[in-house]
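Visitor:
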Amino acid sequence: MTASPAAAEAATAATGPGPAPSPATPRRTAPATPARTPRGGALLSRTAVNAALLLVTAYTLMPLAWLVLAATKNRRDLFATGPYAPGDFSLLANLGEVFTYDDGIFGRWLANSLLYTVVGSTLSALTSVACGYAFHAYEFRHKEKLFGVVLAGILVPATVLQLPLYLMASAAGAVNTYGAYLVPALVNPFGVYLARVFAEGYLPDEVLAAARVDGAGELRLFAHVSFPMLWPGFVTIFLFTFTAIWNNFYGALTMLNDERLYPVSLGLFMWNRSVYQQPELYPLVITGSLVAVVPLVLAFLGLQRFWRSGLTAGAVK
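This is the structure in structure tokens:
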């Protein structure tokens, strides 16, 4: 039996209306975390790293500082004062003696070193960039095997090659000539490896393909398209080769006998061998060593902007 509508309305009035729907509760957001301050361990680690860098820097600059201070001393103060005590500031007098001693032979040594390094570094870097570009841009038989031979050449110390190079130069009658010291510097396996790495990183294949489609020949493609993009690699190889040739003392000692052909490193060595018989050469050796450092510093400072800039030049946009 069903309840009548009147009974249903009476029951609803007795019990009251049902519970109203609760409003939507607002979403709680996590409180903003305050900025973390460096902990004690991080500060201690940073301090330790900075202290280690400071010690390494001081250790690196100590010989240079001694060289600069010693070049300002005469022969008496060189042995009578401490190693880092300033002298009587006779640097200009020492420089005058260096460039006038023995009819100015030091100036000829310095010119020889500049000739060897500038010409040798330029040709070596250009050859290395061309070889690295060829390994990247072309496909030929035994390509990777030949590149493996180049990598093997990096592992051979330069001093091991001096005797075979001397024998080859002697057989060719080229000993005691500019070419005997300059030609071996043109072969640079590490430069070829570095040039290929630069070519793979900064020379897209799309650029080469587009240049060939436009009708550019291979020589023009390398000179006008590829080489400007590989300029940072060229400068890097040039700086490494410049330093290596400037410091190639053993190669000069093996190949050269005429003091007029000596580079500055070998000339200073010969002066240093004579200091026991000629003590007046002590200030000349020290001041000449300071002068010999200047071209390296100028080369790195002058080419630093070319080395760092242009790494993305020619990128595909």
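In terms of full-length UniProt numbering, the sequence shown has 16 at position 16, counting the first letter as 1, and numbering is strictly consecutive.
Note that CB positions come from ideal geometry on N, CA and C, so glycine has one too.
Computed from a predicted model, the values in this text were never measured in an experiment.
Work out the CA separation of T60 and P164 for me, nearest whole Å.
Guide: 35 Å
Visitor: With burial defined as no fewer than 16 other Cβ atoms inside 10 Å of the residue's Cβ, what is the status of K143: buried or exposed?
Guide: exposed
Visitor: Within 10 angstroms of the Cβ of S113, are there 16 or more other Cβ atoms? Answer buried if so, exposed if not.
Guide: Looking at its Cβ environment, which holds 16 or more other Cβ atoms inside 10 Å, S113 is buried.
Visitor: Could you please give the first and the last residue of the uninterrupted alpha helix (DSSP H) stretch that includes Q162?
Guide: A158 to A171
Visitor: To the nearest angstrom, how far is it from the Cα of F106 to the Cα of V291?
Guide: 10 Å
Visitor: How big is the Cα-Cα spacing for F140 and F147?
Guide: Going by the C-alpha atoms only, they are around 12 Å apart.
Visitor: Quick one: give me the first and last residue of the alpha helix (DSSP H) that E206 is part of.
Guide: D205 to V213
Visitor: Can we say the region 240–256 touches the region 283–297, given the rule of at least three CB pairs closer than 8 Å?
Guide: In short, these stretches touch, since the Cβ pair count reaches three.
Visitor: Do the region 70–78 and the region 86–94 make contact, defined as three or more Cβ pairs closer than 8 Å?
Guide: Enough Cβ pairs lie closer than 8 Å, so yes.
Visitor: Do A185 and G120 have their C-beta atoms closer together than 8 Å?
Guide: yes
Visitor: Note down, one range per segment and in chain order, each alpha helix (DSSP H) of at least 4 residues found wholly within the region 45–92.
Guide: Fully enclosed alpha helix (DSSP H) runs of no fewer than 4 residues occupy 75–80 of the region 45–92, in order along the chain.
Visitor: Given F300, which residues of its chain have a CB within under 7 Å of its CB, disregarding the five upstream and five downstream residues?
Guide: Cβ-Cβ distances below 7 Å link F300 to L239 in the same chain, with the five nearest sequence neighbours on each side left out; the list follows chain order.
Visitor: When we look at the beta-carbon of S45 and count the other beta-carbons within 10 Å, is it buried (16 or more) or exposed?
Guide: Around the beta carbon of S45, a 10 Å sphere encloses fewer than 16 other beta carbons of the protein chains shown; the residue is thus reported as exposed.
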